[in-house]
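To start, the structure under review is shown below, and the notes come after it.
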């Protein structure tokens, strides 16, 4: 009788531990770099949104003759205010006022301290001032 043993196919525990160690090492090196870029991406996205909202506010002014009041807020870009006869909106593509990348509402004041209107987000920390991802994003800089 010819007995031949078939070698089992698979990985040994040692091989699996080595692979898991390499994956953990790579995650420790790459992870913080990815997170840093993700924070910078949110800041860039907020800047783009502020520019888009500012453009929509300028189009509103061309049609209505003035910027929305602070009380009307950015909602005037998607819903016709009662006192606007020449409103030709909605002025935003999705018919919805976006929130900033940190899921907070943008702040809008008209007339503003820095121009006809002030439009800004307080960044990741939700407080005035800050550095990096916590920095304020506004329409006047």
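In our numbering, the protein residues as written are 73 to 213.
Glycine residues also receive a C-beta, built at the ideal position from the N, C-alpha and C atoms.
Nothing here was measured: the structure is a model prediction, and the numbers come from that model.
Reference residue 166; option with closest CA among 119, 124, 85: Here residue 166 refers to the residue found at position 94 when the chain shown is read from its first residue. It is 124 whose Cα lies nearest to the Cα of residue 166.
Neighbourhood of residue 177 by C-beta distance below 7 Å, restricted to the same chain and skipping five residues each side: By 1-based counting over the chain shown, the position of residue 177 is 105. Taken in chain order, the residues that qualify are 171.
Residue nearest to residue 173 in terms of C-alpha spacing, selected from 195, 162, 101, 106: Locating residue 173 in the chain shown gives position 101, where the first residue counts as 1. In terms of CA proximity to residue 173, 195 leads the group 195, 162, 101, 106.
First through last residue of the beta strand (DSSP E) which encompasses residue 179: Numbered from its first residue, the chain shown carries residue 179 at position 107. Element bounds for residue 179: 179–181.
Cross-strand partners of residue 192 (DSSP beta bridge): Within the chain shown, residue 192 is the residue found at index 120, counting from 1. 179, 210, per the DSSP bridge assignment.
Nonlocal neighbours in the same chain, by C-beta distance under 7 Å from residue 141, ignoring five residues either side: Here residue 141 refers to the residue found at position 69 when the chain shown is read from its first residue. Closer than 7 Å at the Cβ level, and outside the excluded window around residue 141, lie 182.
Cβ contact (3+ pairs, closer than 8 Å) linking the segment 111–122 and the segment 139–154: Touching, no, given that fewer than three Cβ pairs across the two stretches are closer than 8 Å.
Alpha-carbon spacing of residue 137 relative to residue 213, whole angstroms: As a position in the chain shown, residue 137 is number 65, starting the count at 1. As a position in the chain shown, residue 213 is number 141, starting the count at 1. If you draw a straight line from the Cα of residue 137 to the Cα of residue 213, it comes to about 24 Å.
Three-state secondary structure assigned by DSSP to residue 104: Your numbering for residue 104 matches position 32 in the chain shown. Here residue 104 carries a helix assignment [DSSP, helix/strand/coil].
Any 3 or more C-beta pairs closer than 8 Å across the segment 143–163 and the segment 125–133: Touching, yes, given that three or more Cβ pairs across the two stretches are closer than 8 Å.
Among 105, 88, 210, 89, nearest to residue 192 - alpha-carbon criterion: Position 120 of the chain shown, counting from 1, holds the residue named residue 192. Measuring from the Cα of residue 192, the nearest candidate turns out to be 210.
Same chain, Cβ closer than 6 Å to residue 190, neighbours up to 5 away in sequence not counted: Residue 190 sits at position 118 when you count from the first residue of the chain shown. By the criterion of a C-beta distance shorter than 6 Å, residue 190 is surrounded in its chain by 181, 184, once the five residues flanking it on both sides are discounted.
Residue environment, residue 102, which counts as buried when at least 16 other CB atoms sit within 10 Å: Reading the chain shown from its first residue, position 30 is the one you call residue 102. With fewer than 16 other Cβ atoms within 10 Å, it is exposed.
Cβ-Cβ separation, residue 200 to residue 208 (assumed contact under 8 Å), whole Å: Numbered from its first residue, the chain shown carries residue 208 at position 136. Numbered from its first residue, the chain shown carries residue 200 at position 128. Contact between residue 208 and residue 200 holds: their C-beta atoms lie close to 6 Å from each other, under 8 Å.
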